[in-house]
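**Student:** These protein sequence lines map, in sequence, to chains X and A.
So the first sequence is numbered by our numbering: it starts at 387 and just counts up by one.
So the second sequence is numbered by our numbering: it starts at 911 and just counts up by one.
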Amino acid sequence: MSVNDHMENDISLAMPGDYFALMKPRVMRLVVFTAVAGMLLAPGAIDPFLGIIAVLAIAIGAGASGALNMWYDADIDAVMSRTANRPIPAGSVTANQALNFGMVMSVLSVMTLGLLVNWVAGAILAFTIFFYVVIYTMWLKRSTPQNIVIGGAAGAFPPMLGWACVTSSVSIESIALFAIIFIWTPPHFWALALWKMRDYDDAHVPMMPNAVGEKSTRLQMLAYAVILAPLSASPYLLGFSGAFVGALSFALGLVFLWFTYRVWTIDGADEKLTAEKKLFGFSILYLFAIFALLLIDAVTFRWSGNYLLTGMGSW
Amino acid sequence: MEVGEGKIETGVTVELTEAQRRARRMRNLAIGGCLLGLVAIFYVATIVKIGPSMMRASQGQGQSQ
Numbered sequence: 387m388s389v390n391d392h393m394e395n396d397i398s399l400a401m402p403g404d405y406f407a408l409m410k411p412r413v414m415r416l417v418v419f420t421a422v423a424g425m426l427l428a429p430g431a432i433d434p435f436l437g438i439i440a441v442l443a444i445a446i447g448a449g450a451s452g453a454l455n456m457w458y459d460a461d462i463d464a465v466m467s468r469t470a471n472r473p474i475p476a477g478s479v480t481a482n483q484a485l486n487f488g489m490v491m492s493v494l495s496v497m498t499l500g501l502l503v504n505w506v507a508g509a510i511l512a513f514t515i516f517f518y519v520v521i522y523t524m525w526l527k528r529s530t531p532q533n534i535v536i537g538g539a540a541g542a543f544p545p546m547l548g549w550a551c552v553t554s555s556v557s558i559e560s561i562a563l564f565a566i567i568f569i570w571t572p573p574h575f576w577a578l579a580l581w582k583m584r585d586y587d588d589a590h591v592p593m594m595p596n597a598v599g600e601k602s603t604r605l606q607m608l609a610y611a612v613i614l615a616p617l618s619a620s621p622y623l624l625g626f627s628g629a630f631v632g633a634l635s636f637a638l639g640l641v642f643l644w645f646t647y648r649v650w651t652i653d654g655a656d657e658k659l660t661a662e663k664k665l666f667g668f669s670i671l672y673l674f675a676i677f678a679l680l681l682i683d684a685v686t687f688r689w690s691g692n693y694l695l696t697g698m699g700s701w
Numbered sequence: 911m912e913v914g915e916g917k918i919e920t921g922v923t924v925e926l927t928e929a930q931r932r933a934r935r936m937r938n939l940a941i942g943g944c945l946l947g948l949v950a951i952f953y954v955a956t957i958v959k960i961g962p963s964m965m966r967a968s969q970g971q972g973q974s975q
């Protein structure tokens, strides 16, 4: 073998787009969206330019944790149909490159947020990355069926982060926003897991349906959905969104509960698992709608002093 | 001569294929763009954060003179 032949195999063909794919752009989009909502819902204001930097830093921090997750989980990703096309199993980026990229981006995003916005937000971002990569990816994911329940916290931090960027603090209101995503995660993820069970089985990941059983999973999903319905209206109950949005959010929570109830009553009798797929689809719409409503409400309040479709901030 | 034995023939250079050259160039451009962006962010953020207090300080000086 010549020097050239050998080196040829070692020299990367990775394009910037492959690195971008490591950052899980779709997850990043949701992170940005919920962080902006948290930022606008928080009392007070942040300089618009610093606000944009904050959102960028949060997005990159989330992307960095995605890259580190792909580095650690490359073996699992390779055997699951949903993830087999990710950059590492696809061969466009090596695991080491993903690790380096994730580490550099993590440090850069936390330093930028801390130095330019505030260190409470910087610390929460650092903790979020740590939680997602170490607690969820390295520890819980492969060891307990409660993996996504506790790991879901990582996905629930962004609105709290957005809030902390403005107020330099954590409060009951931002914890409510955290709780909505936290409680939403198990039924959302288990709906997917119920029809991708074989994949998770092949990868030896103990998801609730294959570790504890489908019946128990469906019952637990229902329990989470029961909690989620009133929780959906918590921003109104805590006084940082209007009654109209509160009522709509509660209605969305009830629809979520109905879809979950269907999953529970049909109990897998339908081989195509239509109910599970519908719930999964609706769960994405639910989270988007809740935060879009809160965002619109916050913008309306900042612009006019009244919440959406309410006279003086209340009915 | 084989690589990995710790002895690489002097004067041997690595010829990149067109695809490798292109990928490297694109990566370099992306890193360059990110660094420029970071510099711009820190520059503008510095002005946004300490600019107003510097303006006030200089106005205060002007009034006292």
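The beta-carbon is built from N, C-alpha and C at its ideal position, and this holds for glycine as well.
Keep in mind it's a predicted model, so treat the numbers as computed, not measured.
When the Cβ atoms of the segment 680-700 of chain X are set against those of the segment 421-428 of chain X, are three or more pairs found closer than 8 Å?
**Tutor:** At 8 Å Cβ cutoff, the stretches touch.
**Student:** With distances taken Cα to Cα, identify the nearest neighbour of G537/X among F516/X, F666/X, L427/X, A470/X.
**Tutor:** Translated into the one-based positions of the first sequence, residue 537/X becomes position 151. G537/X has its Cα closest to that of F516/X, out of F516/X, F666/X, L427/X, A470/X.
**Student:** Quick one, which of L502/X, A512/X, A470/X, G477/X has its alpha-carbon nearest G488/X's?
**Tutor:** If you number the first sequence from 1, residue 488/X lands on position 102. Comparing Cα-Cα distances from G488/X to each of L502/X, A512/X, A470/X, G477/X, the minimum goes to A512/X.
**Student:** Taking only runs of the alpha helix (DSSP H) that begin and end inside the segment 628-690 of chain X, which ones reach a length of at least 4 residues, in chain order?
**Tutor:** 629-652, 660-690, all fully within the segment 628-690 of chain X.
**Student:** Please state whether the Cβ-Cβ distance between A611/X and M594/X is less than 8 Å.
**Tutor:** In the first sequence, residue 611/X corresponds to position 225, counting from 1. In the first sequence, residue 594/X corresponds to position 208, counting from 1. Contact: no.
**Student:** Go to V924/A, then tell me how far its alpha helix (DSSP H) extends in each direction, as first and last residue.
**Tutor:** One-based indexing of the second sequence puts residue 924/A at position 14. Element bounds for V924/A: n/a, residue is neither H nor E.
**Student:** Does V954/A get closer than 8 Å to chain X when you measure Cβ to Cβ?
**Tutor:** Sequence index remark: in the second sequence, residue 954/A carries index 44 (1-based). Yes, V954/A lies at the interface with chain X (some Cβ there is under 8 Å from its Cβ).
**Student:** Ignoring anything shorter than 4 residues, give me the alpha helix (DSSP H) runs that lie fully in the segment 387-433 of chain X, in order along the chain.
**Tutor:** If we require 4 residues or more, the alpha helix (DSSP H) runs fully inside the segment 387-433 of chain X come out as 389-396, 402-408, 411-427.
**Student:** How is the alpha helix (DSSP H) around S495/X delimited, first residue to last?
**Tutor:** In the first sequence, the residue the question calls residue 495/X occupies position 109. Counting along the chain, the alpha helix (DSSP H) containing S495/X begins and ends at 481-502.
**Student:** Does DSSP put Q969/A in a helix, in a strand, or in coil?
**Tutor:** Here the question's residue 969/A lines up with position 59 in the second sequence. Helix at Q969/A.
**Student:** According to DSSP, is G599/X helix, strand or coil?
**Tutor:** For the purposes of this step, residue 599/X is taken as residue 213 along the first sequence, with counting starting at 1. It is coil, neither helix nor strand.
**Student:** Taking only runs of the alpha helix (DSSP H) that begin and end inside the segment 437-485 of chain X, which ones reach a length of at least 4 residues, in chain order?
**Tutor:** Runs found: 460-465, 473-476.
**Student:** Given a cut-off of 8 Å on the beta-carbon distance, is the pair I444/X and L547/X in contact?
**Tutor:** Within the first sequence, numbered from 1, the residue matching residue 444/X stands at position 58. Within the first sequence, numbered from 1, the residue matching residue 547/X stands at position 161. In this structure, L547/X lies closer than 8 Å to I444/X by Cβ.
**Student:** If you draw a straight line from the C-alpha of Y522/X to the C-alpha of T686/X, how long is it?
**Tutor:** Indexing the first sequence from 1 puts residue 522/X at position 136. Indexing the first sequence from 1 puts residue 686/X at position 300. So the two alpha carbons sit approximately 37 Å from each other.
**Student:** So, does the CB of I439/X fall closer than 8 Å to a CB anywhere in chain A?
**Tutor:** Here residue 439/X corresponds to residue number 53 of the first sequence, with the count starting at 1. So yes, I439/X belongs to the interface.
**Student:** Using DSSP with H/G/I as helix, E/B as strand and the rest coil, what is F626/X?
**Tutor:** For this step, residue 626/X is matched to residue 240 along the first sequence. Looking at F626/X - three-state DSSP - the assignment turns out to be coil, as it is neither helix nor strand.
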